[in-house]
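For the sequence shown, the positions run -12 to 185 when this note's numbering is used. A virtual CB, placed ideally from N, CA and C, is assigned to each residue, including glycine. Note sheet for the following structure.
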Amino acid sequence: MTDSTAPRRPHTGRRRNEDARTAILDAVLVLLGDSGGAPVTIDTIARAAGVGKQTIYRWWPSKGAVLLDALTGLAGDVVSAPAGETLYDDLAAFLTATFRGTGRASTAAVLRSLVREAARDPHAAGLVRTFTAARREALRELFARHGDEFAPDADLDLLVDQAYGVLWYRFLLEHHPLSDRDAAELARGLTVQAGARS
């Protein structure tokens, strides 16, 4: 049997690496959700994922980097980019998905744990800022797709602040649920402020 006809061994290394990486990211989210305010460390992540610490450091330079990667992936799973025809359509879809995702028990536990860590750990606070900046950018990209619907003097930063301000205010104080109806009404109000017709 020549080299050209010999059966090739399957390449399992890449698959094994991807499985380990997924296990690490999943472990981060579980630990954040179940930590009850206790700090999440590289040691606890490694134990929960069933890997060595060196495996984690192969992909991420620090705990903050792996936490950010896990949270960014979670946000991407929860909120996909809408593709409606109008600003209102896209904004309503985006906010509804965001409200629903934030309201899930598992997601809410992760976010609350991260906020608690940020209150005592400057590095975690920086992580929160990086994460929220990415979510703000996602909303700004949505606005950019409908630039022709905005008034020339529309304040995009203020619109983004209002969208996420409602989310975080209700999420943290828990005085009112994050409902689909409220997401739609918020989208309508922001659309009017932007200078577009809903």
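>> Please report the distance separating the alpha-carbon of HIS(-2) from that of LEU74.
In response: Bear in mind that the predicted position of HIS(-2) carries a pLDDT of just 48, short of 50, making it unreliable; the figure below should be weighed with that in mind. Taking the straight line from one Cα to the other gives about 46 Å.
>> Given this structure, state the Cα-to-Cα distance separating GLY90 from LEU19, to the nearest angstrom.
In response: 16 Å
> Thinking just about the alpha-carbon of each residue, which of ALA80, LEU154 and THR178 is nearest to the one in ALA95?
Replying inline: Nearest C-alpha to ALA95: LEU154.
> Hey, out of VAL102, ALA79, SER93 and ALA36, whose CA is closest to LEU160's CA?
Replying inline: VAL102
> What is the residue span of the alpha helix (DSSP H) that THR42 lies within?
Replying inline: 40 to 46
> Between the beta-carbon of GLY182 and the beta-carbon of ALA141, is there less than 8 Å?
Replying inline: yes
> Using 8 Å as the Cβ pair cut-off and three pairs as the minimum, do the segment 34 to 51 and the segment 6 to 14 touch?
Replying inline: Touching, yes, given that three or more Cβ pairs across the two stretches are closer than 8 Å.
>> Here's the rule I'm using: 16 or more other beta-carbon atoms within 10 Å means buried, otherwise exposed. How should ALA170 be labelled?
In response: By the 10 Å Cβ count, ALA170 comes out buried.
>> Among THR117, ARG132 and ASP108, whose alpha-carbon lies nearest the alpha-carbon of GLU72?
In response: ARG132
> With a Cβ-Cβ cutoff of 8 Å, do ALA33 and VAL17 count as a contact?
Replying inline: no
> Around the C-beta of LEU114, are 16 or more other C-beta atoms found within 10 angstroms, so that it is buried, or is it exposed?
Replying inline: buried
>> According to DSSP, is THR28 part of a helix, a strand, or is it coil?
In response: In the structure shown, THR28 sits in coil (DSSP, three-state: anything other than H, G, I, E or B).
> For ARG123, which residues of its own chain have a beta-carbon under 6 Å away from its beta-carbon, when the five flanking residues on both sides are left out?
Replying inline: For ARG123, same chain residues with a beta-carbon under 6 Å away, outside a window of 5 residues either side, are VAL147 in chain order.
>> I need the straight-line Cα distance from PHE137 to SER166, nearest angstrom please.
In response: 26 Å
>> My assumption, with CB atoms under 8 Å, is that PHE118 sits in contact with LEU55. Please give the rounded CB distance.
In response: 6 Å
> For MET(-12), which three-state DSSP category applies?
Replying inline: Any reading at MET(-12) must be qualified, since the residue scores a pLDDT of 47, below 50, and its modelled position is unreliable; the value itself is stated next. It is coil, neither helix nor strand.
>> I'd like the list of long-range same chain contacts for THR28, defined as Cβ closer than 7 Å, with 5 residues on each side in sequence excluded.
In response: LYS50
> Quick one: complete alpha helix (DSSP H) runs, 4+ long, within the segment 49 to 134?
Replying inline: Secondary structure within the segment 49 to 134: the alpha helix (DSSP H) runs of 4 or more consecutive residues, fully enclosed, are 50 to 65, 74 to 90, 92 to 107 and 109 to 132 (chain order).
> Taking the alpha-carbon positions, what's the PHE130 to LEU143 distance?
Replying inline: The alpha-carbon atoms of PHE130 and LEU143 are separated by roughly 8 Å.
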